[in-house]
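Going letter by letter, the sequence shown gives residues 1 to 275 in full-length UniProt numbering. Even glycine gets a Cβ: it sits at the ideal position worked out from N, Cα and C. What follows is a single structure, written as structure tokens, with notes after it.
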Amino acid sequence: MSTPQDAERIAAMIGPLRLARARARAARQAGAHPRRVAGPGAEFWQYRMLNPGEAADKVDWRRSGRSDELYVREREREDPVRLWLWSDASASMDYASDEALPRKKALADTVIAALGLAAHEAGETCCFPPDPRPLRGDTLLAPQGPGDAPRLDAPGPADIVLAAGDFLGPRALDWIAPAAAAGAQGVVIAVADPAEIAFPFTGRVHFDAVEPGDRPFEAGRAEALGETYAAAWTAHRARLADACNRPGWFLVEVVTGEDAAAHAAQIARWLRETA
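Right under this line is the structure:
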């Protein structure tokens, strides 16, 4: 079973994950003056007078020496590159076909948390959609994911989305096209249990209802459903591939029982070299 310690171990293996290419892309898109408001940034914007109660170390003494007032040098605020982190918390993720396997949710959480911790270590801004507020390092160990898809209200043109889930819902991939249209890039981590791929069931099998609206199902000869199920699974994978078949998007298919560290390292390489 995956644990927060697994995520911390994998993050340490990855090392600080800097989104240098995304920052360069943001600079090209935003230009020198992206916001026209004061805040953290690299570019000088304006001088203003020191407000009552502000610390003296904010004073720009060179500018203040030319007048009888004390002035503060303000930089223009730049929207940071944000790394949106989402891990599916829908009921279908709470599944493992064998007690020796982790549940799909545990694997998704581990990969997302490890990448988030590595990016946070590099000083990158990480957040859980739809909340754009930067996360603390300890918060990253518990990825959030209400619904079966991330809700991105206004992704920035240089943002990157890391989303892990099974994406089995009928509209679970609908968020990708608008995010890409806004300029965001992303990694879609599709998690599956081995039984969901192979459908190894035979004889009389009872299938529980999982998601809201599902109905339990009793199969007298489960093996007779194998061909139909295989076609449905192939169609699901084709939908995943089609949704991610766009510039700046990367599909990673993960099976529980595989090495989470290897998948996280693969994604980290893509983020460093491509995103």
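Cβ pair residue 165, residue 186 closer than 8 Å: no
What is the residue span of the beta strand (DSSP E) that residue 110 lies within? Segment 104-121 is the alpha helix (DSSP H) holding residue 110; no beta strand (DSSP E) there.
Within the region 165-245, note down every full beta strand (DSSP E) run reaching 3 residues or more, in order along the chain. 185-192, 205-207, 217-219
Bounding residues of the beta strand (DSSP E) (the contiguous stretch that carries residue 18): Here residue 18 belongs to no beta strand (DSSP E), and DSSP marks it neither H nor E.
Less than 8 Å between the CB atoms is what I'm expecting for residue 257 and residue 101, so what's the real figure, rounded? 5 Å
Span separating the alpha-carbon of residue 246 from that of residue 141: 30 Å
Distance between beta carbons of residue 25 and residue 158, contact taken as under 8 Å: 5 Å
Closest to residue 5 by CA distance: which of 60, 113, 65 is it? 113
Mark residue 217 as exposed unless 16 or more other C-beta atoms lie within 10 angstroms of its C-beta, in which case mark it buried. exposed
Could you give the distance in angstroms between the alpha-carbon of residue 34 and the alpha-carbon of residue 116? A caution first: residue 34 carries a pLDDT of 44, below 50, which makes its placement in the model unreliable, though a value can still be read off. Rounded to the nearest angstrom, the two C-alpha atoms are 26 Å apart.
Bridge partners of residue 125, per DSSP? 82
Below 8 Å CB to CB, which residues in the same chain sit around residue 174 once its five sequence neighbours on both sides are set aside? 149
Buried or exposed by the 16-neighbour rule on C-beta atoms within 10 Å, applied to residue 49: exposed
Confirm, please, whether the CB-CB distance from residue 161 to residue 152 is below 8 Å. yes
Using CA atoms only, rank isn't needed, just tell me which of 87, 93, 84, 51 is closest to residue 73. 51
To which residues of the same chain is residue 118 closer than 7 Å at the C-beta, ignoring the five residues directly before and after it? 11, 14, 15, 16, 17, 268
Straight-line CA distance for residue 31 to residue 21? Interpretation of residue 31 is limited by its pLDDT of 48, a score under 50 that renders its predicted location unreliable; no figure is taken from the coordinates.
Kindly indicate the opening and closing residues of the alpha helix (DSSP H) around residue 273. 260-273
So residue 107 packs on residue 188, CB below 8 Å; how close in whole Å? Wrong, their Cβ atoms sit about 15 Å apart, outside the cutoff.
How many angstroms separate the CA atom of residue 244 from the CA atom of residue 163? 12 Å
With 16 other CB atoms within 10 Å as the buried threshold, where does residue 176 fall? buried
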